[in-house]
Amino acid sequence: MVMKCLVAYDGSELSRKALEQAMYQKHDDAPMEVHIVTVVSPNGPYTNPGLYQSIENSLMEKAKAELDSIVEEIQDIYNVTIKIEVLTGNPGNNIAKYAKEHDIEMIIIGSRGLGNVRGFFLGSVSHRVVQQADCQVMIVK
């Protein structure tokens, strides 16, 4: 049986530690699938829908490029299957929803976020994930 783990990633030091923790969850030759999920949510009151969409697309492209480089770094070293996903909207809600939809067994998330790309995790995202998730949640500090 494949263990499925979700890492909430925003580029911060704590989200990198969460990714490391996910690798520690791998047991011997047991197959493992790590879903690295980032949620972008442009900040600010945008009255122009085109501007909002442009900013959202830019954030998504930047996030995907960062996740792609992470996959290259760790996939072969740890012999795990890695799936990446860039979502938009409310981070806490979307992380919990993604976990339910993909039968995730454990979510690993930093206790606080807001890394290199502004707008990924705001405030108490980890708290919201704990409240909404149907699976185990590990909070990394």
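For the sequence shown, the UniProt record's numbering begins at 1 and goes up steadily by one.
For every residue, glycine included, the Cβ atom is placed at its ideal position computed from N, Cα and C.
Same chain, Cβ closer than 6 Å to residue i, five either side skipped, listed in chain order
i, result
"Thr81", "Glu33"
"Arg128", "Gly92"
"Leu87", "Val39 and Asn94"
"Gln21", "Ile108 and Val140"
Span separating the alpha-carbon of residue i from that of residue j
i, j, result
"Gly119", "Val140", "Only weak support exists for where Gly119 lies, its pLDDT of 43 falling under 50; the coordinates are left without a value."
"Asn90", "Val125", "9 Å"
"His68", "Ser54", "In the sequence as presented, His is not what sits at residue 68; that position holds Asp. Taking the straight line from one Cα to the other gives about 21 Å."
"Tyr24", "Glu56", "33 Å"
"Tyr78", "Ser15", "18 Å"
Beta carbon of residue i nearer than 7 Å to that of residue j
i, j, result
"Cys135", "Glu105", "yes"
"Pro31", "Val2", "yes"
"Ile95", "Val137", "no"
"Ala8", "Val37", "yes"
"Lys83", "His27", "no"
"Ala133", "Leu6", "no"
Practice item. Just list the alpha helix (DSSP H) runs in the UniProt domain "UspA" (1-141), keeping only unbroken ones of 4 residues or longer that don't cross its boundaries, in chain order. Key: 13-24, 49-78, 91-101 and 125-132
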